[in-house]
Ligand code: DGL
């Protein structure tokens, strides 16, 4: 065989091996679908509000983005089909168990969760505290229904799958990926009722960007998450009853009285300013603490820490403070804390750790 044929044969053979090797390197990403606008449909292609969320199944979402197969070996499972304002503790427990079960599979490299945007930040933070794996978990949604011109769901889903299959996302905690940005579960918040850039991590900052399917991280979360947390929901069928009361001018105790009467074991109070409490509210919360209900002071203000012993003598009333967690995320951490301890000092440690 002359040299030319030998060289060609070698080139063909090596490119086949390389091609097979590259094809074999594609990560396996499982998409767990829960509903939301990303699966929503409107009556016309210009309907971007007043559509119906949670209509399109996971197989159709995947089929609508054939480019997914370029970045990962993708499969899907429909876990629920709901608008996310209706997400409950029970949904979270089922989803967390499904995520942990899926990530235990040796053939799975990462998970994407499609989800309504209204409570993405809460589901993300809950999973950030209870997923027991360093493999990527990326939650994705859309602000425009799948039927709309320039729907953002397909590109968001493509980016989320690329991120979930990437080595860069390993060990970064649960991530939220919309609008080409990577947000950390602890600090992300929905900041606008309708625009596609609604998810931000105000003041503390996003973690990075996704550019043509490639994740670029510039920052990492400093608080413990996933494999490094002390919370385990694998054997739980329910979570402690914790509700949020909202502070304003003319504040009264109607809401906290109702929570106490309903048997709540914890109350998060979203105070004005730095978690400030109107006098009758402070008095009633102090009484409820003495009766054994755990009280966490947070703030209705979107940025900055609620500081211990600032607007209230927390040492004296035995309250905890939410640090920079929003009221809705403080509720999640207080629920999980109460699955581990009733000791206020231990609970406060958890608010400074996660
Ligand atoms: N119903 C809201 C939800 O499911 C729609 C918002 C959205 O998904 O973007 O969260």
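Numbering (mature numbering (1 follows the signal peptide of the UniProt record, and there is no 0)), first residue to last: -23 to -1, 1 to 331. Using N, Cα and C, we set each Cβ at its ideal position, and we do this for glycine too. Quick caveat, the model's predicted, so the values are computed rather than measured.
Checklist entry - Cβ of residue 232 versus every heavy atom of the ligand DGL: is any distance shorter than 7 Å? => result no
Checklist entry - Would you say the beta carbon of residue 62 comes nearer than 7 Å to a heavy atom of the ligand DGL? => result yes
Item to check | Per-residue burial, residue -2 [other beta carbons within 10 Å of its own, 16 or more giving buried] | outcome: Residue placement at residue -2 is flagged as unreliable, the pLDDT there being 47, under the threshold of 50; the coordinate-derived value follows with that caveat. Per the 10 Å Cβ criterion, exposed.
Checklist entry - For residue 120, is the beta carbon positioned less than 7 Å from some heavy atom of the ligand DGL? => result yes
Item to check | DSSP beta-bridge partners of residue 29 | outcome: 18
Next on the checklist: Looking at residue 141: is its Cβ nearer than 8 Å to the Cβ of residue 6?
Outcome noted: yes
Next on the checklist: Between residue 30 and the ligand DGL, is there a pair consisting of the residue's CB and a ligand heavy atom that are separated by less than 7 Å?
Outcome noted: yes
Checklist entry - Are residue 150 and residue 92 close, meaning C-beta to C-beta below 8 Å? => result no
Item to check | Other residues of its chain near residue 115: CB distance less than 6 Å, five sequence neighbours each side excluded | outcome: 89, 137, 140, 141, 152 and 154
Item to check | Uninterrupted alpha helix (DSSP H) stretches inside the segment 62 to 123 (no shorter than 4 residues) | outcome: 66 to 81 and 97 to 107
Next on the checklist: Does any residue of chain D have a CB that is nearer than 8 Å to the CB of residue 214?
Outcome noted: Checking the listed chains, one finds no chain D in this structure; it contains a single protein chain.
Checklist entry - Under the three-state reduction of DSSP, which class applies to residue 154: helix, strand or coil? => result strand
Next on the checklist: So if DSSP puts residue 243 in a beta bridge, which residue, or which two residues, is it bridged to?
Outcome noted: 219 and 271
Checklist entry - How about residue 254 and residue 289: are their beta carbons less than 8 Å apart? => result yes
Item to check | First through last residue of the alpha helix (DSSP H) which encompasses residue 134 | outcome: 130 to 141
Next on the checklist: By alpha-carbon positions, which one of 215, 238 and 98 ends up nearest to residue 176?
Outcome noted: 98
Item to check | Segments of 3+ residues assigned as beta strand (DSSP E) that fall wholly inside the segment 187 to 213 | outcome: 191 to 194
Checklist entry - When you compare each of 172, 218 and 148 to residue 184 by their alpha carbons, which one comes out closest? => result 148
Next on the checklist: Which same chain residues end up closer than 7 Å to residue 322 when comparing Cβ atoms and leaving out the 5 residues on each side of it in sequence?
Outcome noted: none
Checklist entry - Just the Cα atoms here: how many angstroms apart are residue 248 and residue 39? => result 43 Å
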